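First to last, the protein sequences are chains A and B.
The first sequence maps to residues 2 to 232 in the working numbering.
The second sequence maps to residues 2 to 232 in the working numbering.
See structure below.
There are 2 protein chains.
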Amino acid sequence: MTISLIPVQGMPEIHPGDDLGRLIAERTELRDGDVVVVTQKVVSKAEGRLIQVDPDDPLSHKAVVEQEAVRILRRRGDLIMTETSHGFVCANSGVDLSNMERGWAALLPLDPDRSARRIRDSLRARAAVAVGVVVSDTFGRTWRVGVTDVAIGTAGVAAVVDLRGGVDGLGRVLEVTQVCVADELASAAELVMGKSAGVPAAVVRGVDPAWLRESSVRTEVVRPYREDLFR
Amino acid sequence: MTISLIPVQGMPEIHPGDDLGRLIAERTELRDGDVVVVTQKVVSKAEGRLIQVDPDDPLSHKAVVEQEAVRILRRRGDLIMTETSHGFVCANSGVDLSNMERGWAALLPLDPDRSARRIRDSLRARAAVAVGVVVSDTFGRTWRVGVTDVAIGTAGVAAVVDLRGGVDGLGRVLEVTQVCVADELASAAELVMGKSAGVPAAVVRGVDPAWLRESSVRTEVVRPYREDLFR
């Protein structure tokens with residue numbers, strides 16, 4: 002019943018073309034049913050989703066942010082709240098300069114669910130285990146200070162677990178409870194990764210086996226525009 | 002470096018006046034540095050934050066929701082998005098009928114940070130350990146489908162860890178990174194509690210000792226109205 006959060010230590014600096022599944026499988030003993038959480042930054046680096054920016058010209062970064070947005074929702078100071086092509090609503094279209102070489106920015110993966118599937122397939126091929134993969138990124142929240150890690154892509158692990166029609170602890174039928182376990186897995190993993198520790202992946206061991214199924218953040222987690230109350 | 006998420010098993014049904022700290026300390030071996038996450042529902046029950054509603058009249062529940070709101074932000078069908086007296090923006094003012102006896106609803110604790118301190122003090126007195134406490138609740142998110150657990154109160158564990166001015170993995174000074182570890186702890190704990198498993202508390206073991214400090218969700222996490230972009 003206990004879940005363990007295990008950081009993957011000793012990962013090298015990641016470059017375009019690197020096989021993240023291989024690098025992770027070489028550094029940790031995976032077991033069937035593990036969920037591997039990998040941060041967007043290394044996924045973007047491995048996929049070559051990098052772009053040059055002028056480090057002395059803030060407008061250069063801003064132009065990339067606007068190029069990556071399908072809709073600009075709010076501006077305040079240097080912050081631009083945008084909607085990305087994936088349907089994510091986040092700061093600066095997810096374009097980010099931290100942990101990057103000076104003069105380079107990382108863009109979000111084009112299809113983070115596909116990124117997760119690619120890592121999952123590589124892990125499966127090398128470690129001969131059935132694992133789930135979550136690609137995580139760090140997002141702010143509308144009403145709350147501080148950032149938390151959320152899932153931007155999943156493979157082999159439920160994004161949302163639907164407890165609609167389940168039974169609560171007193172035996173009554175529950176109303177709607179759709180739990181976004183993918184986001185909770187991403188947040189949990191962040192606790193052992195940290196922003197400055199150079200740990201870009203972690204293993205979550207001991208999750209409910211029922212959660213291990215095909216899934217997609219794009220189709221399960223992104224709130225459709227027509228259902229949105231605040232955009 | 003590994004963090005363990007340990008459910009507290011065998012908790013009884015909670016009634017007004019129950020000492021949650023004692024009930025938890027009797028069922029788990031706590032260690033210095035543990036963080037105990039307790040769900041709002043049992044905190045509200047222990048504090049007698051209960052109100053009668055007419056189970057056959059939806060307007061009865063709605064009246065309580067409106068009474069608990071300081072501001073009504075959006076309505077859609079049965080859903081009312083409100084701002085509570087604590088400054089939380091959530092569905093139905095956090096008033097909730099699940100896992101409640103028919104005809105009763107649970108209100109949010111009046112001061113969830115104080116609730117967390119009370120549980121922390123009780124745990125400290127009984128188990129002679131220095132622990133942090135997070136009171137968690139289940140909130141939806143503006144742009145994402147599904148709910149996740151977040152912190153509504155904290156004691157003895159950082160709500161937000163400020164990595165502003167820290168150094169990233171490449172030795173460069175980071176821009177602003179304020180991580181809401183309290184929300185990440187709540188989400189992590191939810192993974193071993195589940196909505197229907199009757200586990201209202203969990204222990205998070207192995208967190209960074211630097212996070213164990215006085216804190217408050219009210220002052221650190223609630224985004225001030227003047228900084229809000231979407232209300």
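Idealized CB from N, CA, C, for every residue including glycine.
Nothing here was measured: the structure is a model prediction, and the numbers come from that model.
Quick one: does Q68/A have its CB under 8 Å from some CB of chain B?
Translated into the one-based positions of the first sequence, residue 68/A becomes position 67. No, no contact with chain B.
If contacts are defined as beta-carbon pairs under 8 Å, then V37/A and L124/A qualify, I think. What distance do you get, rounded to the angstrom?
The residue labelled residue 37/A in the question sits at position 36 within the first sequence. The residue labelled residue 124/A in the question sits at position 123 within the first sequence. The pair is a contact, with the Cβ atoms about 6 Å apart (cut-off 8 Å).
In terms of residues, what are the limits of the beta strand (DSSP E) holding L74/A?
Within the first sequence, numbered from 1, the residue matching residue 74/A stands at position 73. First-last of the beta strand (DSSP E) with L74/A: A70 to R77.
Pull up the CB-CB distance for V200/B and Q53/B, whole angstroms please, since I reckon it's below 8 Å.
Walking along the second sequence from the start, residue 200/B turns up at place 199. Walking along the second sequence from the start, residue 53/B turns up at place 52. Not a contact, Cβ separation roughly 27 Å.
Residues of chain B with CB closer than 7 Å to the CB of M82/A, please, in chain order.
Residue numbering aside, residue 82/A sits at position 81 when the first sequence is read from its first letter. Per Cβ cutoff of 7 Å: L230.
At a Cβ threshold of 8 Å, is T155/A touching chain B?
In the first sequence, residue 155/A corresponds to position 154, counting from 1. Cβ-Cβ to chain B under 8 Å: no for T155/A.
Residues of chain B with a CB under 7 Å from the CB of P17/A: which are they?
Along the first sequence, read from residue 1 onward, the residue named residue 17/A stands at position 16. Simply none; closest approach about 17 Å.
DSSP on W144/A, reduced to helix/strand/coil?
Here residue 144/A is taken as the residue at index 143 of the first sequence, counted from 1. Correct three-state label for W144/A: coil.
What does a CB cutoff of less than 8 Å around F231/B pick up in its chain, not counting 5 residues either side in sequence?
On the second sequence, residue 231/B is found 230 positions in, with the first residue counted as 1. Answer for F231/B: T143, listed in chain order.
With burial defined as no fewer than 16 other Cβ atoms inside 10 Å of the residue's Cβ, what is the status of L31/A: buried or exposed?
Residue numbering aside, residue 31/A sits at position 30 when the first sequence is read from its first letter. Buried is the call here.
Under 8 Å between the Cβ atoms of V135/A and P110/A?
Within the first sequence, numbered from 1, the residue matching residue 135/A stands at position 134. Within the first sequence, numbered from 1, the residue matching residue 110/A stands at position 109. Against a cut-off of 8 Å, the Cβ pair of P110/A and V135/A comes out as no contact.
Suppose you measure from the CA of V44/B to the CA of S61/B; what does that come to, to the nearest Å?
To locate residue 44/B, count along the second sequence from 1; it is residue 43. To locate residue 61/B, count along the second sequence from 1; it is residue 60. Approximately 23 Å between the Cα atoms of the pair.
Should G95/A go down as buried or exposed, given a rule of 16 or more other Cβ atoms within 10 Å for buried?
On the first sequence, residue 95/A is found 94 positions in, with the first residue counted as 1. G95/A is buried by the Cβ-count criterion.
Any beta-carbon of chain B closer than 8 Å to the one on A211/A?
Locating residue 211/A in the first sequence gives position 210, where the first residue counts as 1. By this cut-off, A211/A is not an interface position.
Could you pull out every residue in the same chain whose Cβ sits closer than 6 Å to the Cβ of T155/A, ignoring the five residues on either side in sequence?
Along the first sequence, one-based indexing puts residue 155/A at 154. Excluding positions up to five away in sequence, the list reads A117, V135, A183, S216 and V218.
Would you mind telling me which residues of chain A sit closer than 9 Å to D234/B, beta carbon to beta carbon, in chain order?
Given that chain B is displayed from residue 2 to residue 232, the structure contains no residue 234/B and the question cannot be resolved.
Quick one: does P13/B have its CB under 8 Å from some CB of chain A?
Locating residue 13/B in the second sequence gives position 12, where the first residue counts as 1. For P13/B, the answer is no, since every Cβ of chain A falls outside 8 Å of its Cβ.
Exposed or buried, S86/B, counting other C-beta atoms within 10 Å across all chains shown (16 or more means buried)?
Taking the second sequence and counting its residues from 1, the one referred to as residue 86/B is at position 85. Per the 10 Å Cβ criterion, exposed.
Look at the alpha carbon of V132/A and the alpha carbon of A128/B, and state the distance between them as a whole number of angstroms.
By one-based count along the first sequence, residue 132/A stands at place 131. By one-based count along the second sequence, residue 128/B stands at place 127. Their backbone Cα atoms lie some 38 Å apart in a straight line.
If you measure between the beta carbons of G141/A and V148/A, is that distance less than 8 Å?
Here residue 141/A refers to the residue found at position 140 of the first sequence. Here residue 148/A refers to the residue found at position 147 of the first sequence. Yes; because the gap between Cβ atoms is below 8 Å, this pair is in contact.
Where does M194/B sit, in a helix, a strand or coil, going by DSSP?
Within the second sequence, numbered from 1, the residue matching residue 194/B stands at position 193. Three-state result, M194/B: helix.
Report the neighbours of T40/B on chain A: residues whose CB is nearer than 8 Å to its CB, in chain order.
On the second sequence, position 39 is the one that residue 40/B refers to. Neighbours of T40/B on chain A: none; closest Cβ ~11 Å, over 8 Å.
Taking only beta-carbon positions, decide if Q53/B is within less than 8 Å of chain A.
Along the second sequence, one-based indexing puts residue 53/B at 52. Cβ-Cβ to chain A under 8 Å: no for Q53/B.
By DSSP, does S86/A sit in helix, in strand, or in coil?
Taking the first residue of the first sequence as 1, we reach residue 86/A at position 85. It is coil, neither helix nor strand.
Which one or two residues does DSSP pair with L21/A in a beta bridge?
The sequence position of residue 21/A within the first sequence is 20, counting from 1. Beta-bridge pairing links L21/A to no other residue.
In three-state DSSP terms, what is D33/A?
Position 32 of the first sequence, counted from the first residue, corresponds to residue 33/A. In the structure shown, D33/A sits in coil (DSSP, three-state: anything other than H, G, I, E or B).
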